[in-house]
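Since the structure comes first, as structure tokens, the remarks are kept for the end.
In UniProt numbering, the protein residues as written are 1 to 355.
In structure tokens:
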């Protein structure tokens with residue numbers, strides 16, 4: 001597991017022993033974003049020092065010099081899906097407070113192009129499985145771009161305030177590529193490509209057509225559900241949060257959508273049509289992030305109240321209270337094999353929880 005910190009470093013941890021494998025040193029300010037490439041061979045980090053750095057996760061060595069170009073800090077990172085990559089030329093996208101998104105060639109370590117058009121900070125970037133890049137911004141819009149050329153396809157306007165976060169119904173398979181629950185890795189590049197493509201198609205197909213769904217979360221207290229490949233109009237408006245919505249995520253099986261809000265609630269929705277299902281009540285302060293287990297049965301949430309909570313998705317009931325952090329819990333992630341949950345907090349601790 002990789003974590004990024006306000007101490008200007010990122011760290012790679014051995015989840016079995018709970019010890020750091022290596023410390024990634026080089027950034028001169030906070031590390032705000034950390035992302036593994038889908039094949040697991042590279043880690044990208046984005047910092048308040050306006051740069052993106054690439055690292056070898058085995059040795060912890062930096063790969064070449066930092067990727068420079070952003071004029072303000074980097075807010076999020078997303079790798080090009082494995083099944084879309086030109087062989088031996090993976091690309092990574094970085095969004096920034098400078099209103100742009102930059103697409104980098106991670107091997108040549110140079111910029112391919114910049115996506116310009118947002119009028120305020122870009123909060124999140126997602127790279128879809130059909131070669132579309134989605135970006136959200138404080139300018140209240142979500143933009144949809146062609147990843148091949150960098151041209152703007154269209155702008156989704158529905159939110160009345162900052163758009164904080166994006167999620168794709170295919171996020172889980174895009175991030176894990178050819179790695180499935182069996183732990184068996186295909187031996188050849190052709191097999192890896194076929195496996196990644198097959199897993200994406202299966203996750204994205206609804207009634208026989210590829211229909212990647214997008215969810216957007218905003219400071220206007222609402223979320224919207226979209227199928228941007230087929231329509232510029234939202235499928236549904238999801239209302240119910242009383243305050244800003246921080247974070248949104250789809251379950252790996254594509255059935256559910258979870259949102260975390262400043263109103264101390266986590267809410268569960270149907271990912272098909274946006275129908276409201278449950279409010280998960282228990283946190284006593286804002287909820288920053290939430291994450292589903294690989295089998296989509298459990299959801300874990302991280303809060304300012306210093307706890308994590310695990311919820312049963314089918315009943316909406318609290319399954320497990322996970323106290324231990326001594327301050328706000330900013331980030332949570334579930335390992336793709338479903339075995340462990342990682343959390344990072346203001347107490348400078350990274351904690352690993354066994355499921």
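Note that beta-carbon positions come from the ideal geometry of N, C-alpha and C, so glycine has one too.
Per the Cβ contact rule, the region 142-161 is not in contact with the region 174-186 (fewer than 3 Cβ pairs under 8 Å). According to the DSSP secondary-structure assignment, residue 61 is paired through a beta bridge with no residue. Of the residues 189, 253, 112, the one whose Cα lies closest to the Cα of residue 181 is 253.
Take residue 218, set aside five residues on each side of it, and the residues of its chain with a beta-carbon closer than 7 Å to its own are 159, 161, 162, 163, 164, 245, in chain order.
Boundaries of the beta strand (DSSP E) harbouring residue 298: 298-303, taken from the DSSP string. Bridge pairing for residue 10: 4, 24 [DSSP]. For the region 49-100, there is no continuous alpha helix (DSSP H) assignment of 4+ residues that stays within its boundaries. Secondary structure within the region 144-202: the beta strand (DSSP E) runs of 3 or more consecutive residues, fully enclosed, are 152-157, 163-168 (chain order). Between the C-alpha atoms of residue 227 and residue 274 there is a straight-line separation of about 12 Å. Ranked by how close their Cα comes to the Cα of residue 349, the residues 286, 329, 269 have 329 in first place. Taking the C-beta atoms as reference points, residue 280 is found nearer than 8 Å to residue 266. Burial is judged here by how many other beta carbons sit within 10 angstroms of a residue's own beta carbon; residue 34 has at least 16 and is buried.
In the three-state reduction of the DSSP assignment, residue 331 falls in the strand class, which pools E and B. DSSP, reduced to helix, strand and coil, places residue 204 within a helical segment of the structure shown. Around the beta carbon of residue 208, fewer than 16 other beta carbons sit within 10 angstroms, so the residue counts as exposed. Under a 10 Å Cβ-count criterion, residue 4 is classified as buried, with 16 or more other Cβ atoms of the shown protein chains found around its own Cβ. The C-beta separation of residue 306 from residue 321 comes to about 11 Å, leaving the pair out of contact by the 8 Å criterion. For residue 15, the three-state secondary structure derived from DSSP is coil. Of the other Cβ atoms in all chains shown, 16 or more fall within 10 Å of the Cβ of residue 332; this residue is therefore buried. Closest option to residue 92, judged by alpha-carbon separation, among 98, 200, 108: 108. Relative to residue 32, the option among 25, 45, 67, 213 whose CA is nearest is 45. Looking from the CA of residue 39, the closest CA among 192, 354, 263, 116 belongs to 192.
For the pair residue 212 and residue 168, the CB atoms are nearer than the 8 Å cut-off. Take residue 344, set aside five residues on each side of it, and the residues of its chain with a beta-carbon closer than 7 Å to its own are 3, 330, 331, 350, in chain order. By the CB criterion at 8 Å, residue 120 and residue 137 fall inside the cutoff. Closest by C-alpha distance to residue 131, out of 297, 79, 52, is 79. In this structure residue 309 touches residue 318 by the C-beta definition: roughly 6 Å separates them, less than 8 Å. Residue 355 sits in coil when the DSSP states are folded into three classes, being neither helix nor strand. Put simply, the backbone Cα of residue 146 is about 32 Å away from that of residue 26. With a beta-carbon spacing of about 6 Å, residue 54 and residue 42 fall inside the 8 Å limit used to define contacts. Contact annotation, residue 300 with residue 248: C-beta distance approximately 15 Å; criterion of less than 8 Å not satisfied. When the alpha-carbon of residue 201 is set against those of 243, 123, 177, 70, the nearest one is in 177. In this chain, the beta strand (DSSP E) harbouring residue 320 covers 318-322.
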